[in-house]
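Protein chains in written order, with this note's numbering: chain A, 418 to 717; chain B, -17 to 208.
We treat Cβ as the ideally placed atom computed from N, Cα and C, and that holds for glycine.
This one's a predicted model, so the numbers in the text were calculated from it and none came from an experiment.
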Amino acid sequence: MSDMRSVFAAAASSLVDEDPLAAVVLAEISADLFAKAAARHPDRVLNVGIREQLMVSVAGGLALAGLRPIVHTYAPFLVERAFEQVKLDLAHQDVRAVLVSIGASYDAAASGRTHQAPEDVALLDTVPGFAVQVPGHPDEVPGLLRGALGVLDATSTYLRLSAESNRSALPLWPGLQVVRQGRSTVVVAVGPMLSPVLDAVGDLDVTVAYTTTVRPFDGEGLRELAASSGVVVLVEPYLAGTSAFAASAALAGRAHRLLSLGVGRSELRRYGTPEYHAALHGLDAMGIRRSVMDFLASGA
Amino acid sequence: MRSYAELTGLMTLMTGDEKHGPSATSTLDVLWVLYDQVLRTGPDRLDDPGRDRFLLSKGHGPAAYYAVLAAKEFIPESWLEGFGSAGSRLGYHPDRTLVPGVEIGSGSLGHGLPLGVGLAHGLLARGLLTPRVFVLVGDAELDEGSNNEAIVYAGAVGLPNLCVIAVDNRSSSYGWGPGGIEAHFAVSGWSAARVPGRDHAALASALTAAGTGGPRLVVAEVEAKS
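The following block contains the structure:
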């Protein structure tokens, strides 16, 4: 199975072939994967060097010229380093782009804090008009990328790729899709959290819903799924609580209980593997199971 | 259409001041020459893909800019009064979605040139080889590191349709050394010229000079900021 980054590069290269207005802007990262596309379309596949601010501004300028830019690099350099460019050179100019990151949360556990940005989605939440897509499997990436380019006249998209993957892909669906029906709690698994969530809740009588689309958040879907129990667990592969406000808004006006799981806020200062970091953040199957059972017991 | 002599009167509508110091008008002559003699654009070409683009990067003190836009009939003169007030489309930093003819919203320094690099690329990618992209920056604005990313990159890839106008009123605390701003650009492959920033003929000539295949810098020197 190819990883999300390779699948993305192939899909983006095809889109640049098909669509004379599609463009790719890189800052060295993944440039090797776009070498053939750049040779075919030197005017629309641009590598600006190690210049992330320029990368995002160039995308804004391309969009001002009527192009549809796909911007790609490592998550902390795309979202955090170039944040004012995202805010001003895309959103404030009223132009749009597809931002595609790799290096999600603790994918680069061994690389340390400089290469980790679990705050990415929370940060982009402060910019009006961004859709956020979090694929859970490489096979979901091409459809999400194509969809993001398709809605570019209306909205920018942050497509958050990860080295983590579910065991299998699901058909693309714009909101929450029920993977497993139960009678009590609703557990929402975002992107690559689905497999660990399914392993975690094994014998528990809970509904599991999967989504790749976290913005716009499917509030209506959550309201329906939580109609009887009013008990919701969000499991997100980035900063814990990132979607809590959206879930709360969806459930406002009715009594409900909400548990938000995700990456913790403190800096761990540990290296190691992504599996190790998942366990440290309580995002492996065992950790999720422990949190869900404690939560359910506390409300009994 | 208004004349150059009428611009300060239009600025008075905005500021209420009868007289405008050098700092408020540091960009006035450059802006006038651009809109009067250089830019192939106009209020009837707002959506014309083939129009020249002018990006006011520094965005500060935009009274001169709005005065020129009013003089050239991009915006009605009635908009000038109430500048910066709740109902006005004209703020202390311009918003492209509110003002016809304004190509970028600006104010935070160091965004116009990088955007201009993308815009220049984009026009070429769309086969629009004629329109040029002009970006006005201040000399102190060049302190912002994002400009350096754009200067080196644009010089390396050689965007022939990009022209930066640096209005130099020596307001950068640390300056640009003996060779001035132009040395900084030239070392990255830009062609560069320095002209008196109040001399309309010299400005027009420098801004319309035949291309050398790469990006161009015109330093417009005005009175030092006091």
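When the beta-carbon positions are compared, B/Phe56 and B/Gly83 come within less than 7 Å of each other.
Contact annotation, A/His532 with A/Gly520: C-beta distance approximately 6 Å; criterion of less than 8 Å satisfied. Spatial neighbours of A/Phe712 in its own chain (CB-CB distance under 6 Å, excluding positions within 5 residues in sequence) are listed in chain order as Leu676.
Nearest CB-CB separation between B/Thr112 and chain A: not below the 7 Å threshold. Taken in chain order, the members of the region 61 to 91 of chain B whose beta-carbon sits within less than 9 Å of a beta-carbon on chain A are Asp77, Arg78, Thr79, Glu85, Ile86, Gly87, Ser88, Gly89 and Ser90. With fewer than 16 other beta carbons inside 10 angstroms of its own, A/Ile467 counts as exposed. The Cβ atoms of A/Val465 and A/Ala455 do not sit closer than 7 Å to each other.
In the three-state scheme derived from DSSP, where H, G and I count as helix and E and B as strand, A/Thr602 is classed as coil.
A/Gln594 is bridged by DSSP to A/Tyr627. A direct Cα-Cα distance of roughly 23 Å separates B/Asp(-1) from B/Gly120. Identification of chain B residues near A/His509 by a Cβ-Cβ cut-off of 7 Å yields Gly87, ordered along the chain. Following the DSSP letters along the chain, one finds A/Ala714 inside the alpha helix (DSSP H) bounded by residues Ala702 to Ser715. With fewer than 16 neighbouring CB atoms inside 10 Å of its own CB, A/Arg600 falls in the exposed class.
A Cβ of chain A is located within less than 7 Å of the beta carbon of B/Val99.
Under a criterion of Cβ atoms nearer than 9 Å, no residue of chain B is adjacent to A/Asp436; the nearest Cβ is some 12 Å distant. Boundaries cannot be given for A/Pro459, as no alpha helix (DSSP H) includes it and DSSP labels it neither H nor E. Sequence-ordered contacts of the region 115 to 143 of chain B with chain A read Ser128, Glu131, Ala132 and Tyr135 [C-beta pairs closer than 7 Å]. Rounded to the nearest whole angstrom, the C-alpha separation of A/Ile487 and B/Leu144 is 23 Å. Under the Cβ criterion (8 Å, minimum of three pairs), the region 468 to 476 of chain A counts as touching the region 488 to 503 of chain A.
In terms of Cβ geometry, B/Lys207 and B/Ser154 do not form a close pair [threshold 7 Å]. The Cβ atoms of A/Thr624 and A/Val603 lie closer than 7 Å to each other.
Per DSSP, the unbroken alpha helix (DSSP H) holding A/Val538 starts and ends at Asp537 to Leu541. Taking 7 Å as the cut-off, the beta carbon of A/Leu611 is found no closer than this to the beta carbon of A/Gly689. When beta bridges are read from the DSSP output, A/Ile519 appears opposite A/Tyr491. Residue burial annotation: A/Gln550 is buried, with at least 16 other C-beta atoms found within 10 angstroms of its C-beta. In terms of CA proximity to A/Val473, A/Phe494 leads the group A/Phe494, A/Gly704, A/Arg597 and A/Thr628.
Judged by beta-carbon spacing, B/Leu199 lies within the 7 Å limit of B/Ala174, meaning their Cβ atoms are closer than that value. Within the region 474 to 494 of chain A, those residues whose Cβ lies closer than 7 Å to any Cβ of chain B are, in chain order, Ser474, Val475, Ala476, Gly477, Gly478, Leu479, Leu481, Ala482, Gly483 and Leu484. Contact annotation: A/Glu557 and A/Ala586 have beta-carbon atoms nearer than 7 Å. Taking the Cα positions, B/Gly179 is about 19 Å away from B/Leu51. Sequence-ordered contacts of the region 513 to 535 of chain A with chain B are nonexistent [C-beta pairs closer than 8 Å]. Taking the Cα positions, A/Asp616 is about 6 Å away from A/Ala702. In the three-state DSSP reduction, B/Ile86 falls in the coil class, being neither helix nor strand. A direct Cα-Cα distance of roughly 11 Å separates A/Leu507 from A/Thr574. Within a 10 Å sphere around the beta-carbon of B/Lys54 sit 16 or more other beta-carbons, which makes this residue buried.
Proximity of A/Val465 to chain B, defined by a Cβ-Cβ separation below 7 Å, is satisfied.
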